[in-house]
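The next block holds one structure in the form of structure tokens; read it before the comments.
Number of protein chains: 2
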Amino acid sequence: MAQIIDRDRIEKIIKKTDLTRLISYMEEAFASYSGGRAVVPPVGTLTFDSPPGDVHIKYGYIKDDSYYVIKIASGFYENPSLGIDSSNGLNLVFSQKTGQLETILLDEGYLTDVRTGLAGAVAAKYLAPEKVYGIGIIGTGTQARMQLRYLKGTVQCNKVVVWGRSEESLSAYKASMRSEGFEITTTLEINDVGRQCNLIVTVTPSTSPILELEGLAEDVHITAVGADTAGKQELGTGILEQADLLVADSESQCREHGEIHKAVQAGLLKGKKILELGEVISSAEHQRRPAGLSVADLTGIATQDIQISNFVLEQLQN
Amino acid sequence: MAQIIDRDRIEKIIKKTDLTRLISYMEEAFASYSGGRAVVPPVGTLTFDSPPGDVHIKYGYIKDDSYYVIKIASGFYENPSLGIDSSNGLNLVFSQKTGQLETILLDEGYLTDVRTGLAGAVAAKYLAPEKVYGIGIIGTGTQARMQLRYLKGTVQCNKVVVWGRSEESLSAYKASMRSEGFEITTTLEINDVGRQCNLIVTVTPSTSPILELEGLAEDVHITAVGADTAGKQELGTGILEQADLLVADSESQCREHGEIHKAVQAGLLKGKKILELGEVISSAEHQRRPAGLSVADLTGIATQDIQISNFVLEQLQN
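As you go down the protein sequences, you meet chains C and B in turn. Heads up, the first sequence is in this note's numbering, so the first residue is 1 and it goes up one at a time. Heads up, the second sequence is in this note's numbering, so the first residue is 1001 and it goes up one at a time.
Below is the structure:
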């Protein structure tokens, strides 16, 4: 029978691991995807009206690997009123040789949070300006914490400006991140972020633009993490139109939803080159980031779930 | 934490249950699907070349129900050489209210076998000729056993002709089904089935037609169960072209694969009416089967997995 691993054990494994090691697994997630070494069918989606919720099924495998992975993640947005987390999920790990279920990772969505945070770190590693003088975090939720946590060590900067919609959420964010060694300023005024930061991460479930082109520094990188489903948007389309470098985790997926989708719909990206993050990682040429405005649009791909599951399984075997 | 139920316990629950009760759950599976009361996204598929295997993810929910279900089923065809079943799988049952995982049914594919067998019984209940004088089973595998087992009580006939590709598989089939009260004749000659039977069930993984129009009785019903993936086919397309009544579990799915797909591809079904099994069940008009040739094309739909999971969960709660 399959082994079943609970969230506590998974958290312990992740938290004791050196960040550069986790990042290397995530780099392989993007490189295998863009290099055609992975089989990743379209994301399965299930939506509910009342109470509102959505479920994503991301699945696939890296060729010549041991496992294939089916990851289920849900968001039920009225859960907090019941005292339950809105997000939930699990990773199922099967043998590529026999189809047998090997391990159920009952991570309750934790591994999705981790791999999404790591993706932000990978984007920053390759795309942040050489000297980061301020990190901007737009959003105050779980993933806004993850993003900042995983930037430590990747980016040599401890000055952080956090934008949120309420003083309460900003204070809670600041309190929870103080122990991580950052110097955090909070603001309700979005322009403070553009004025003080040249590495900005957007991490909200917004359905209309929060960050606009006006007021941004000339040499700035933006990683957009929030728009993981159709209808979500965090960046004004002008940012994508004017970007000197536009990077997607998956070009096909970002054209279907995400920030790039919105700009394509508006007819603003005609003839514009979109690089995949895996291409940036794998190619010496693309690793020389040009000065200017760069954007990474991250919608989340199955190879991330595969790689984080691979990592946990290897640790369990050791 | 989610409860985890193993195959033994699931088998016990199913085996102690009256067949008519199980059939009523499967009728609701088809009726809810065709009545638009279910949300069923397209099937997710993952295929492997070496060793050859395929994985199907069927998922969805019946509106106003308690649960949504994600069913994963795999077939790895070289497993028997390792002493492992080729098919495997599990059903994941989640709350429609919170998205939380409620129950993992580690049935190893058993519930898929059961719900597929029950679908054959439902098809026979509504579509078999009034007097069945011979049941033809084409195929000798696990599902060929399931189909016959679940016809008992649904159809008043104990004369069975079984066709297979080898004497060994036929003897094994006959031996395993003897205790069920059927009078079984085996044959390597496909025409024996058409000559002696007016209810025929095809249950093979064939990729080319086994049963042809010639030699069939005038008033006969055929249920085709085998063609669950693109490329599979058991019936000559002439059978579908000449059918007086053509029934699909899901018209859209059968047009994409299954027997109907093959006949559509050959241009033989232009203007031909295809009824769904759920429409037959729900409509007094369609329940009057006309004499002649009827065909039910069953490719397997998520509401069957939902309903069989619903049934098991209700039993666990009692």
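All C-beta atoms in this analysis are idealised placements derived from N, C-alpha and C, irrespective of residue type, glycine included.
Please go through the same chain and pick out, in chain order, the residues whose beta-carbon is closer than 7 Å to the beta-carbon of Ile62 of chain C, but skip the five residues on each side of it. Ser32, Arg37, Ala38, Thr303 and Ile306
Do Leu1046 of chain B and Tyr68 of chain C have their C-beta atoms closer together than 8 Å? yes
Under 9 Å between beta-carbons, which chain C residues line up against Thr1229 of chain B? List them in chain order, please. The contacting residues do not exist; Thr1229 of chain B stays about 14 Å from chain C at best.
Taking contact to mean 3 or more Cβ pairs, one atom from each stretch, closer than 8 Å, check whether the segment 1042-1059 of chain B and the segment 1068-1086 of chain B are in contact. yes
Status (buried if at least 16 other CB within 10 Å, exposed otherwise) for Gly134 of chain C: buried
So, is Ala284 of chain C buried or exposed, given that buried needs 16 or more other C-beta atoms within 10 angstroms? exposed
Whole-Å CB distance - Leu277 of chain C paired with Ala144 of chain C, under 8 Å assumed: Not quite, the Cβ-Cβ distance comes to about 20 Å (not below 8 Å), so this is no contact.
Contact defined as beta carbons within less than 8 Å: I believe Ile138 of chain C pairs with Ile210 of chain C. What is the distance between those atoms, to the nearest angstrom? 6 Å
Quick check: is the beta carbon of Val1312 of chain B nearer than 8 Å to any beta carbon in chain C? no
Where does Tyr1059 of chain B sit, in a helix, a strand or coil, going by DSSP? strand
Burial state of Ala121 of chain C (16 or more Cβ within 10 Å): buried
What first and last residue would you give for the beta strand (DSSP E) that runs through Val295 of chain C? Leu293 to Asp297
For Thr1271 of chain B, count neighbouring C-beta atoms within 10 Å of its own C-beta (all shown protein chains included) and say buried if the count is 16 or more, exposed if not. Reading off the sequence, residue 1271 of chain B comes out as Gly, not Thr. Label assigned to Gly1271 of chain B: exposed.
Where the segment 92-110 of chain C meets chain B: residues whose CB sits under 9 Å from a CB there: Leu92, Phe94, Ser95, Gln96, Lys97, Thr98, Gly99, Gln100, Leu101, Ile104, Leu106 and Glu108
Less than 8 Å between CB atoms is the rule here; does Val1055 of chain B satisfy it with respect to chain C? yes
Looking at Leu148 of chain C and the ligand PLP, is the gap between the Cβ and the nearest heavy atom below 7 Å? Ligands in the displayed structure: none, and consequently the ligand PLP is not present.
Mind pulling the chain C residues with CB within less than 7 Å of Leu1316 of chain B? Ordered by position in chain C, no residue passes the 7 Å Cβ test against Leu1316 of chain B, which lies about 18 Å from the chain.
Could one say the Cβ of Tyr1059 of chain B lies closer than 8 Å to chain C's Cβ atoms, at least one of them? yes
For Arg149 of chain C and Gly117 of chain C, believed in contact at Cβ under 8 Å, the rounded distance: 7 Å
Taking contact to mean at least 3 C-beta pairs separated by less than 8 Å, is the segment 1198-1213 of chain B in contact with the segment 1223-1236 of chain B? yes
Let me confirm a value: Gln1147 of chain B is counted as buried when at least 16 other C-beta atoms fall within 10 Å, else exposed. Which label applies? buried
Could you check whether the Cβ of Met1146 of chain B sits closer than 8 Å to any Cβ belonging to chain C? no
In the DSSP output, what is His221 of chain C paired with across the bridge? C:Leu199 and C:Ser294
Nearest candidate by alpha-carbon position, reference Val1081 of chain B, set C:Lys97, C:Val93, C:Leu82 and C:Ser66: Note that residue 1081 of chain B is Ser in the sequence shown, not Val. For the residues C:Lys97, C:Val93, C:Leu82 and C:Ser66, the minimum Cα distance to Ser1081 of chain B belongs to C:Lys97.
What alpha helix (DSSP H) runs, 4 residues minimum, are completely inside the segment 70-155 of chain C? 110-127 and 142-151
Could you check whether the Cβ of Thr45 of chain C sits closer than 8 Å to any Cβ belonging to chain B? yes
Report the residues of the segment 166-200 of chain C with a CB closer than 8 Å to any CB of chain B, ordered along the chain. none
Which first and last residues belong to the alpha helix (DSSP H) in which Gly238 of chain C is found? Thr237 to Gln242
Mind listing the chain B neighbours of Tyr33 of chain C? Cutoff is C-beta to C-beta under 8 Å, in chain order. Here the premise fails: no neighbours, minimum Cβ distance about 15 Å.
Using C-beta distances below 6 Å, list every residue in its chain close to Thr1223 of chain B, excluding the 5 sequence neighbours before and after it, in chain order. Gly1120, Ala1123, Val1201 and Ala1296
What residues in the segment 242-276 of chain C have a beta carbon less than 7 Å from any beta carbon of chain B? none
Going by DSSP, name the residue or residues bridged to Gln3 of chain C. C:Thr103
Is it right to say Thr20 of chain C is buried, meaning 16 or more other beta carbons lie within 10 angstroms of its own, or is it exposed? exposed
Check each residue of the segment 16-29 of chain C: if its Cβ is closer than 7 Å to any Cβ of chain B, include it; give the result in chain order. none
Could you spell out where the alpha helix (DSSP H) holding Lys1174 of chain B opens and where it closes? Glu1167 to Met1177
Go through its chain and collect everything with a Cβ distance to Leu1213 of chain B's Cβ below 7 Å, but skip five positions before and after it. Gly1236, Gly1238, Ile1239 and Gln1242
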